[in-house]
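Asker: Counting with this note's numbering, you get residues 410 to 711 for the letters of the sequence shown.
From the three backbone atoms N, C-alpha and C, an ideal C-beta is built for every residue, glycine too.
Nothing here was measured: the structure is a model prediction, and the numbers come from that model.
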Amino acid sequence: MGDLLVVGSVALDSVKTPFGQATEALGGSATYFSFAASFFTTVRLVATVGEDFPGEHLALLKNRGVDLSGLQVSHGKTFRWVGEYGYDLNEARTLDTQLNVFADFKPSLPAPLRRTPFVFLANIAPELQLDVLRQMERPRLVALDTMNFWIEGKRDELLEVVAEVDVLVINDAEARQLAREPNLIKAARTILGLGPRSVVIKRGEHGALMASDGHFFFVPAYPLDSVFDPTGAGDTFAGGFMGYLARSDRIDAGALRRAIVYGAVMASFTVEDFSLNRLTRLRSEEIERRYAAFRDLVRVDL
Ligand code: AMP
410 MGDLLVVGSV ALDSVKTPFG QATEALGGSA TYFSFAASFF TTVRLVATVG
460 EDFPGEHLAL LKNRGVDLSG LQVSHGKTFR WVGEYGYDLN EARTLDTQLN
510 VFADFKPSLP APLRRTPFVF LANIAPELQL DVLRQMERPR LVALDTMNFW
560 IEGKRDELLE VVAEVDVLVI NDAEARQLAR EPNLIKAART ILGLGPRSVV
610 IKRGEHGALM ASDGHFFFVP AYPLDSVFDP TGAGDTFAGG FMGYLARSDR
660 IDAGALRRAI VYGAVMASFT VEDFSLNRLT RLRSEEIERR YAAFRDLVRV
710 DL
């Protein structure tokens with residue numbers, strides 16, 4: 410089993426969906442990611458929070474065994490994100506992004522963290538992603554996520570880090586925006602030309618696809634009749650994906666396919682409630698049961 414390191418946001422999110430709202434709830438790309446991945450392996454979190462960050466949120470991560478030695482409490486306010494969704498839950502509208510303590514966060518990773526074999530550069534400033542990557546010692550697999558905020562605002566820096574990763578895990582709108590190509594299949598090919606060996610494109614309620622070296626693989630999304638809040642679906646998808654790879658300590662084509670299904674499984678739980686509420690009630694047996702349901706969902710020969 411390999412350990413897994415993540416750098417990304419730890420946030421207080423205010424989110425409105427057609428079904429309700431949450432104010433200053435626990436969120437952030439690295440939070441969702443590490444919580445989901447903690448069901449599979451040991452996760453080391455690199456991030457910063459302000460002095461206003463509630464201790465109970467840290468306890469939640471600690472209780473899941475997440476290693477917080479790379480989490481810095483900085484002088485200032487925690488990262489905040491305000492977003493909303495319409496009936497099309499696939500697209501978040503960002504109303505406000507306050508980087509706060511992330512604006513001048515310069516992590517210096519303790520030696521044991523630098524040797525972590527599996528690395529996830531979750532959605533955060535690309536310079537920070539690159540800074541962490543440069544501190545790692547020969548990682549086995551590096552994957553990266555990003556979003557429109559950084560594709561628009563820091564394109565050059567983003568392309569620099571994308572060129573150095575093995576797998577890009579992004580959503581469909583971001584893939585089109587990054588590749589400057591409306592056709593998703595062509596966009597996937599363009600992204601492979603930027604450096605990564607594989608690209609995993611998340612498509613919300615339409616599932617996900619992976620492209621690598623001329624091969625495609627598709628999974629559906631789990632059919633749910635109640636989706637409350639899609640926030641964090643992408644990050645927990647990545648948590649299931651990387652968590653499974655790290656646990657199995659394999660990165661061959663079969664492991665990548667199974668990892669995508671575990672990603673889809675974890676995302677399907679997250680959206681059933683606000684914030685991390687569903688994940689905090691989740692048990693490992695439920696993950697395995699839903700994984701088995703996925704296999705049935707795509708079985709062609711009965
Ligand atoms: P997703 O999995 O794509 O729904 O990601 C949702 C999470 O991303 C939220 O919990 C936010 O706190 C976080 N987030 C939003 N904007 C940014 C940003 N510009 N950089 C880093 N994290 C962000």
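Below 8 Å on the Cβ atoms is my contact criterion, and I expect residue 608 with residue 531 to pass it. Report the Cβ-Cβ distance as a whole number of Å.
Answerer: Mapped onto the sequence shown, residue 608 falls at position 199. Mapped onto the sequence shown, residue 531 falls at position 122. With 8 Å as the limit, residue 608 and residue 531 do not qualify as a contact, their Cβ atoms being about 16 Å apart.
Asker: Would you decide whether residue 613 is buried or exposed? Buried here means 16 or more other CB atoms lie within 10 Å of its CB.
Answerer: The residue you call residue 613 lines up with position 204 of the sequence shown. Buried, since its Cβ has 16 or more Cβ neighbours within 10 Å.
Asker: Compare the Cα-Cα distances from residue 414 to each of 591, 656, 561 and 505 and report the closest residue.
Answerer: The sequence position of residue 414 within the sequence shown is 5, counting from 1. Considering only alpha carbons, the answer is 656.
Asker: May I have a chain-ordered list of the alpha helix (DSSP H) segments no shorter than 4 residues that lie completely inside the region 463-503?
Answerer: With a minimum length of 4 residues, the continuous alpha helix (DSSP H) runs that stay inside the region 463-503 are 464-472.
Asker: Check whether the Cβ of residue 532 sits closer than 6 Å to any heavy atom of the ligand AMP, and report yes or no.
Answerer: Position 123 of the sequence shown, counting from 1, holds the residue named residue 532. Yes; taking the cut-off as 6 Å, the Cβ of residue 532 has a heavy atom of the ligand AMP nearer than that.
Asker: Bridge partners of residue 418, per DSSP?
Answerer: Along the sequence shown, one-based indexing puts residue 418 at 9. None, per the DSSP bridge assignment.
Asker: Which residue's Cα is closest to the Cα of residue 493: 514, 467, 457 and 427?
Answerer: Residue mapping note: residue 493 aligns to position 84 of the sequence shown, counting from 1. Nearest of 514, 467, 457 and 427 to residue 493, Cα basis: 427.
Asker: Any heavy atom of the ligand AMP closer than 6 Å to the Cβ of residue 442?
Answerer: Against the sequence shown, residue 442 aligns to sequence position 33. Outside the cutoff, so no.
Asker: Less than 6 Å separating the Cβ of residue 558 from some heavy atom of the ligand FAD?
Answerer: Annotation note on the ligand FAD: not contained in the displayed structure, which lists the ligand AMP as its ligands.
Asker: Measuring only the C-alpha atoms, how far is residue 568 from residue 478?
Answerer: Residue 568 sits at position 159 when you count from the first residue of the sequence shown. Residue 478 sits at position 69 when you count from the first residue of the sequence shown. Computed Cα separation, rounded: 29 Å.
Asker: So who's on the other strand from residue 506, going by DSSP bridges?
Answerer: As a working note, residue 506 is residue 97 in the sequence shown. Answer by DSSP bridge pairing, in chain order: 490.
Asker: Does the Cβ-Cβ distance between residue 538 and residue 560 come in under 7 Å?
Answerer: Your numbering for residue 538 matches position 129 in the sequence shown. Your numbering for residue 560 matches position 151 in the sequence shown. No. Outside cutoff.
Asker: Suppose only complete runs of 3+ residues qualify. What are the beta strand (DSSP E) ranges in the region 612-696, listed by chain order?
Answerer: Those beta strand (DSSP E) runs which fall completely within the region 612-696 and span 3+ residues are 617-621 and 624-628.
Asker: Got a sec? Which residues, its chain only, sit under 8 Å from residue 590 by beta carbon, not counting five neighbours each side?
Answerer: Taking the first residue of the sequence shown as position 1, residue 590 is located at position 181. For residue 590, where only same-chain residues beyond five positions count, the Cβ hits under 8 Å are 596 and 599.
Asker: Let me know the secondary structure DSSP gives residue 515 once reduced to three states.
Answerer: Along the sequence shown, one-based indexing puts residue 515 at 106. Looking at residue 515 - three-state DSSP - the assignment turns out to be coil, as it is neither helix nor strand.
Asker: For residue 456 and residue 711, I'd like the C-alpha separation in whole angstroms.
Answerer: Taking the first residue of the sequence shown as 1, we reach residue 456 at position 47. Taking the first residue of the sequence shown as 1, we reach residue 711 at position 302. Each residue's alpha carbon lies about 47 Å from the other.
Asker: Could you tell me which residues DSSP pairs with residue 431 in its beta bridges?
Answerer: Position 22 of the sequence shown holds residue 431. Paired residue(s): 424.
Asker: Report yes if the C-beta distance between residue 527 and residue 508 is below 7 Å; otherwise report no.
Answerer: Locating residue 527 in the sequence shown gives position 118, where the first residue counts as 1. Locating residue 508 in the sequence shown gives position 99, where the first residue counts as 1. Not a contact, by the Cβ cut-off of 7 Å.
Asker: Enumerated in chain order, which unbroken segments of the alpha helix (DSSP H) with a length of 4 residues or greater are wholly contained in the region 527-613?
Answerer: Taking only runs of at least 4 residues, the alpha helix (DSSP H) segments lying wholly in the region 527-613 are 535-544, 557-562, 564-571, 581-588 and 593-601.
Asker: Taking residue 546 as the reference, which of 636, 644, 524 and 694 has the closest Cα?
Answerer: Counted from its first residue, the sequence shown places residue 546 at position 137. The shortest C-alpha separation from residue 546 is found at 524.
Asker: Whether or not the region 639-656 and the region 438-453 are in contact is what I'm after, with contact meaning three or more pairs of Cβ atoms, one per stretch, closer than 8 Å; do they touch?
Answerer: Output reads yes: the region 639-656 touches the region 438-453.
Asker: Does DSSP put residue 440 in a helix, a strand or coil?
Answerer: Along the sequence shown, read from residue 1 onward, the residue named residue 440 stands at position 31. In the structure shown, residue 440 sits in a helix (DSSP, three-state: H, G or I).
Asker: Looking at the secondary structure, which residues open and close the beta strand (DSSP E) in which residue 522 lies?
Answerer: Indexing the sequence shown from 1 puts residue 522 at position 113. Unbroken run through residue 522 is the alpha helix (DSSP H), 520-523; no beta strand (DSSP E).
Asker: Skipping 5 residues on each side, what residues in its chain have a beta carbon closer than 7 Å to that of residue 433?
Answerer: As a first step, residue 433 must be located in the sequence shown, where it is residue number 24. Excluding positions up to five away in sequence, the list reads 421 and 423.
Asker: Rounding to the nearest angstrom, what Cα-Cα distance links residue 603 and residue 694 in this structure?
Answerer: Here residue 603 corresponds to residue number 194 of the sequence shown, with the count starting at 1. Here residue 694 corresponds to residue number 285 of the sequence shown, with the count starting at 1. Cα-Cα distance, rounded: 39 Å.
Asker: Could you give the residue range of the beta strand (DSSP E) that holds residue 454?
Answerer: Counted from its first residue, the sequence shown places residue 454 at position 45. It spans 452-458 - the beta strand (DSSP E) in which residue 454 sits, taken as one unbroken run.
Asker: To the nearest angstrom, how far is it from the Cα of residue 482 to the Cα of residue 533?
Answerer: By one-based count along the sequence shown, residue 482 stands at place 73. By one-based count along the sequence shown, residue 533 stands at place 124. Computed Cα separation, rounded: 17 Å.
Asker: Can you tell which of 643, 696, 677 and 692 has its C-alpha closest to the C-alpha of residue 439?
Answerer: For this step, residue 439 is matched to residue 30 along the sequence shown. Minimum Cα distance to residue 439 is reached at 643.
Asker: Can you tell which of 667, 574 and 681 has the C-alpha that lies nearest to the C-alpha of residue 555?
Answerer: Walking along the sequence shown from the start, residue 555 turns up at place 146. Measuring from the Cα of residue 555, the nearest candidate turns out to be 574.
Asker: What residues match up with residue 413 in a beta bridge as DSSP calls it?
Answerer: Mapped onto the sequence shown, residue 413 falls at position 4. 452 and 527.
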